[in-house]
Amino acid sequence: MASDTQGTGSFYITTPIYYVNDRPHIGHSYCTIAADTLARYHRLRGASVLLATGTDEHGQKIARAAAERGMSPQAFTDEIVEHFKLMWERLHISHDRFIRTSEAGHCHAVQVVFEKLKANGDIYLGEYEGWYCVPCETYFPEAELVEGKCPDCGRPAEQITQPAYFFRTSKYTDRLLRYIEEHPHFLLPEFRCNEVLAFLESGLRDACVSRARTNWDIPVLSDDTQSIYVWFDALINYLTVAGYPDDTAKLDTWWPPQVQLVGKDILPRFHATLWPAMLMALELPLPETIFGHGWWVTDTGEKISKSKGAIIDPYDEIRTLVSISGCTTAVAVDAMRYFLLREVTFGLDGSYSTEALLARFNADLANDLGNLLNRTLPLVERYLEGQVPEPGPGAGGLAEQIAAARSQTETALEALDFRTALEAIWTLIAATNKFIDTREPWRLHKEGKRVELAAVLYDVLDCLRVAAILINPVMPMVSQEIWSQLGLEEQEPAWEDCEAGRLVAGTTIARGEPLFPRIDLQRAQQRLLVAQQAEAGAEQEGSAQMISFEQFQKMDLRTGRVLEVEQVPGTDRLYKMTVDIGEQQPRQMVAGLAQHFSPDELIDRMVVVVANLEPATIRGVESNGMILAAGEEVPLALVTLDRDCEPGQKVR
Ligand code: MSP
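Counting in the numbering used here, the sequence shown runs without a single skipped number right up to 633 at its last residue.
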């Protein structure tokens, strides 16, 4: 349970720091929006808030991604970091700190932690023997591999043996088990906590926390052969943000975090075990709550991440929503924030689809919230000269609903249950819509019941005001817009004003355009279908460059031994070669290797040959196959075999 700061304390909340080998997608955005919502909620309650997010930049994975782009890791990360910053700006994320692990201050903090734990014996030198998954930056004992592959991502793991430093996680197993049992809100949701307990009960192995020195990881200060393992480095970001190690006053203010949000994949192995054990070793208090949220998959069940193909860019989705509904971008951003937190219980997995986003937009935003605003303000203009009336003696008809919505929203947000919080707010909105239907202000007007009419409209406007505050953490822009349409621009919204009767009579409303234009779902569906077809068409065109596996299989690649080499008369470039490819007769081939390889460098070499290439006559010499070599313009290197094998073996 997130500590209830009641407006007096400080509230430190973190997201994971994201790898920069990828552009931000809906999975990253989900967690960051959830963290932003809690940060905004606690700010509204008057707490001082530190919302931190950032990027995890070291490690082989990043170095490789940079190399693939022909860039230095620093230049590469500098570029990708901007995508994250832009995405957070677009999604109205109000982070107070964006930390990059390549910052000097962070490297210093990591080195201090490492040396401190090395000095007290919690980090020791050993020998790492085992398996490493490069894409996941994770070491695995053999028993955890699945058919030799990484249990997390399914890609092949690499076997390695090397001297390395280890952190004595094992020493902290029992203490951690006790801590978890005594602090029921430490690991949430409960079912994930149980998974962690099961993982812990099988005992923790010491964690390998260094690797042979690389040029893109934080060096171990006291050993120039070693660099610090990227996960050890990454976890410490939470301490760096809070001022560790040098700014003790800052650390006193912010440590420990009240809430740390992470995805379910990085909970058991890292945030729920290695991380608390590191803090225990440093004799620092543990975070109050670490929450493992679920994953978004596509509606066909695919994972949403670069490695698995299906990327969903939330901003593309927001643009689609703008173009289909005609709402403003600010409203569409808030609609996306609302959708992600309302559609699925935080902690569980959910499947994402544009259709589901549009359906929620219509049902909850246009029909419920938008409709309440759009039907109320014209009545106030028409019957009350656009001014908030006096409450009147019959007022307060919705006070109970307001109190219930507020307290349920608070309880739910303290428990990080965004869905229930939003349901509570929507119950109030539905009750207010129903209140209008049953009290029929138009009838009261007709019957000349001015006092009663004023009381009803006051209650409705007051509910709209409360709803605007309650939705503020999730939909800050929509909240602001409703706030100004109610004529409250001069006033700062505060959580404590979620109480019936605080709307000041005499306020002049300022009706604006409808925020949520209703979508014709059938037409929208057709548009989406056409767009999908166009996209599929473009993909198909793009794949004209590709060959299918069947096409590849048609190629007869075989091993061959070069038997004879001689220059093709009258050419500088061409050799006539005979190559044994395991058939009765050696093959004759013509190859453009003469300017780069002497006959001696070729004779007896094992090469790879395309055996079913159409025969051709080149400079009068028949060629029955092609010898493979690397190099675009000229042959730079032969494709040879790294072990002995017979000529005629299939190459696949
Ligand atoms: N760099 C590490 C975290 C270090 S924290 C000290 C990392 N980065 S990540 O970029 O791969 O993932 C960051 C977060 O995004 C994780 O919490 C992960 O669960 C989350 N998500 C990635 N794809 C996701 C979905 N499809 N859905 C929801 N969250 C997902 O791990």
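The beta carbon of each residue, even a glycine, is placed where N, CA and C say it ideally should be.
- Residues G275 of the same chain have their beta carbon placed closer than 6 Å to that of L329, with the five preceding and five following residues left out of the count.
- A436 and R446 have their C-alpha atoms roughly 15 Å apart.
- With respect to the C-alpha of L502, the residue from E336, P122, Y219 having the closest C-alpha is E336.
- Only residues of its own chain outside the window of five on either side were considered, and among them E462, S465, Q466 have a CB closer than 8 Å to the CB of G493, listed in chain order.
- For the pair S29 and R194, the Cα-to-Cα distance works out to about 41 Å.
- Not one heavy atom of ligand 1 sits closer than 8 Å to the Cβ of D17.
- In its chain, beyond the 5 residues on either side, Y364, L434 have a beta carbon closer than 6 Å to the beta carbon of H426.
- The Cβ-Cβ distance between P567 and L544 falls below 9 Å.
- By the Cβ criterion, the segment 75 to 86 is not in contact with the segment 312 to 329, since fewer than three pairs of Cβ atoms, one from each stretch, lie closer than 8 Å.
- Using a Cβ distance threshold of 9 Å, I452 and L350 count as a contacting pair.
- Rounded to whole angstroms, the Cβ separation of P54 and W277 is 29 Å, and the two are not in contact under 8 Å.
- Less than 9 Å divides the Cβ of T540 from the Cβ of V632.
- Assignment of T488 by DSSP, reduced to helix, strand and coil, places it in the coil class.
- In its chain, beyond the 5 residues on either side, V312, D315, I452, L496 have a beta carbon closer than 7 Å to the beta carbon of V459.
- A Cβ-Cβ distance of about 5 Å is found for the pair C189 and Y120, placing them in contact under the 8 Å criterion.
- Within the model, the alpha-carbon separation for Q548 versus P628 is close to 23 Å.
- With a cutoff of 8 Å, K99 does not count as near ligand 1, since its C-beta is closer than that to no heavy atom of the ligand.
- Taking non-hydrogen atoms of ligand 1 into account, the C-beta of K66 is found less than 8 Å away from none of them.
- Taking C-beta atoms under 8 Å as the contact rule, V240 and T270 qualify, at a distance of about 5 Å.
- Using a Cβ-Cβ distance cut-off of 8 Å, the segment 583 to 594 and the segment 605 to 620 are in contact, since at least three pairs of beta carbons, one from each stretch, lie closer than that value.
- Ranking A347, E38, W256, E324 by CA distance to the CA of H87 puts E38 first.
- Nearest to Q569 by C-alpha distance, out of S10, M558, T401, I285, is M558.
- Of all alpha-carbon atoms in Y556, G307, M68, T413, the one lying nearest the alpha-carbon of N352 is that of T413.
- A16 is positioned such that its CB atom lies no closer than 9 Å to that of L31.
- Segment contact: the segment 158 to 176 against the segment 130 to 146, fewer than three CB-CB distances shorter than 8 Å; contact not assigned.
- Remark: the shortest separation between the CB of Y225 and any heavy atom of ligand 1 does not fall under 8 Å.
- At least one heavy atom of ligand 1 lies closer than 8 Å to the C-beta of V278.
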